[in-house]
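What follows is a set of notes on a single structure, which appears directly below.
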Amino acid sequence: MGNTGAVLPLRPAHALLPLLLASVLSGCALGAADPQTRPSENPRTAGASASTPGTPGTVPPTTEAPRPLEGRTVALDPGHNGGNAGSAEITRQVDDGRGGTKDCNTTGTATNSDYAEHAFNWEVALEVREQLEKHGASVVLSRDDDEGVGPCVDERGAFADDADLLVSIHANGTEDTSAQGFHVIVPEPLDDEVAATDLAADSADLGEVLVAAFEDADLSPNPAYGEDGLVARSDIAGLNHASVPAAMVECGEMRNVEDAARMESSEGRSVYASAISAGIEEYLIGD
Ligand SMILES: [Zn+2]
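Right, here's the structure in full:
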């Protein structure tokens, strides 16, 4: 009994030893792990919250193009139209804005390979619109496509009443094939009283910045049209009917081989469109 009693208590002690050792070892392992892992976790966690792109409040702003023309409205008038040729409508007489009348519209000119002016004007206007809209401007066009007839010249000025300015886009058709280069037309004031108005002065300024923008694009003025390619005329009904600063750009001479090659290429049209856009932007931001 005594032996038996002395032996029996040892069994649980032996049996518990491995459990006690396991408990102590695991406790040491856990205790040792905490101070080692926490310092390395904290900087990683802090760094992640500061630089993870998806973390609310820390997302860098999306890069957006500057929109300096936000709130401005530009009226573009691509000259002529694709359906003008053969239409009796365009010979209807309309108010020329100077007390007389003139044809509703004309067919425009073309290059020697029959690239039509109305198509050139339309394609350049669309590219100018795209460039201006990218910079925040609202753009209105005098026509919806390149297939219709008109609008008449009196409407080509009046449609711009709510805009900040009007630019009419054309190309010239001098029969002398050596004639080359751009020119810009502004409305000639009716009299001294009109000449003294802000509107007349603003149109003259618009013409000047457009000339400067064309020269900056390495385009040369046609010396037949006034000094530096800027000329004032009283017979352009669209300009006469404009109630906002207005200018007409004759981008080049369609009968000239070099000008025609530039007009017939998309790269060349982009040169004209960028020059027109740059001039418009310079005018609007500077006023
Ligand atoms: Zn024209």
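In case it helps, mature numbering (1 follows the signal peptide of the UniProt record, and there is no 0) puts the sequence shown at residues -31 to -1, 1 to 256.
Note that beta-carbon positions come from the ideal geometry of N, C-alpha and C, so glycine has one too.
Can the beta-carbon of residue i be found closer than 8 Å to that of residue j?
{"i": "residue 117", "j": "residue 50", "result": "yes"}
{"i": "residue 134", "j": "residue 214", "result": "yes"}
{"i": "residue 180", "j": "residue 197", "result": "yes"}
{"i": "residue 93", "j": "residue 241", "result": "yes"}
{"i": "residue 46", "j": "residue 138", "result": "yes"}
{"i": "residue 38", "j": "residue 250", "result": "yes"}
{"i": "residue 200", "j": "residue 154", "result": "yes"}
{"i": "residue 182", "j": "residue 140", "result": "no"}
{"i": "residue 149", "j": "residue 228", "result": "yes"}
{"i": "residue 216", "j": "residue 243", "result": "no"}
{"i": "residue 178", "j": "residue 245", "result": "no"}
{"i": "residue 224", "j": "residue 81", "result": "yes"}
{"i": "residue 119", "j": "residue 58", "result": "yes"}
{"i": "residue 131", "j": "residue 87", "result": "no"}
{"i": "residue 125", "j": "residue 107", "result": "no"}
{"i": "residue 44", "j": "residue 165", "result": "no"}
{"i": "residue 167", "j": "residue 123", "result": "no"}
Taking the C-alpha atoms as reference points, what is the distance between residue i and residue j?
{"i": "residue 62", "j": "residue 121", "result": "9 Å"}
{"i": "residue 236", "j": "residue 161", "result": "43 Å"}
{"i": "residue 83", "j": "residue 77", "result": "11 Å"}
{"i": "residue 89", "j": "residue 194", "result": "21 Å"}
{"i": "residue 34", "j": "residue 41", "result": "16 Å"}
{"i": "residue 147", "j": "residue 234", "result": "20 Å"}
{"i": "residue 60", "j": "residue 70", "result": "11 Å"}
{"i": "residue 156", "j": "residue 75", "result": "19 Å"}
{"i": "residue 207", "j": "residue 127", "result": "8 Å"}
{"i": "residue 176", "j": "residue 55", "result": "33 Å"}
{"i": "residue 209", "j": "residue 31", "result": "45 Å"}
{"i": "residue 36", "j": "residue 145", "result": "43 Å"}
{"i": "residue 163", "j": "residue 102", "result": "32 Å"}
{"i": "residue 205", "j": "residue 158", "result": "12 Å"}
{"i": "residue 238", "j": "residue 113", "result": "20 Å"}
{"i": "residue 230", "j": "residue 222", "result": "10 Å"}
{"i": "residue 190", "j": "residue 79", "result": "19 Å"}
{"i": "residue 91", "j": "residue 48", "result": "8 Å"}
Please name the residue, chosen from the options, that lies closest to residue i on a Cα-to-Cα basis.
{"i": "residue 151", "options": "130, 188, 164 and 31", "result": "188"}
{"i": "residue 170", "options": "212, 146, 195 and 138", "result": "212"}
{"i": "residue 67", "options": "178, 40 and 203", "result": "203"}
{"i": "residue 85", "options": "232, 207, 186 and 114", "result": "232"}
{"i": "residue 255", "options": "184, 174, 158 and 210", "result": "174"}
{"i": "residue 220", "options": "186, 105, 113 and 159", "result": "186"}
{"i": "residue 253", "options": "79, 239, 159 and 105", "result": "105"}
Using a beta-carbon distance below 8 Å, is residue i in contact with chain B?
{"i": "residue 36", "result": "This model lacks chain B altogether; it includes just one protein chain."}
Exercise. Which residues, in chain order, sit with a beta-carbon under 6 Å away from any heavy atom of ligand 2?
Worked result: As far as ligands go, the structure on display features ligand 1 and does not contain ligand 2.
Problem set entry | Segments assigned alpha helix (DSSP H), at least 4 residues, entirely inside the stretch 138 to 171 | 161 to 164
Problem set entry | Runs of alpha helix (DSSP H) wholly within the stretch 194 to 252 (minimum 4 residues, chain order) | 206 to 209 and 226 to 233
For this session: Please go through the stretch 20 to 98 and give each complete alpha helix (DSSP H) segment of 4 or more residues, from N-terminal end onward.
Result: none
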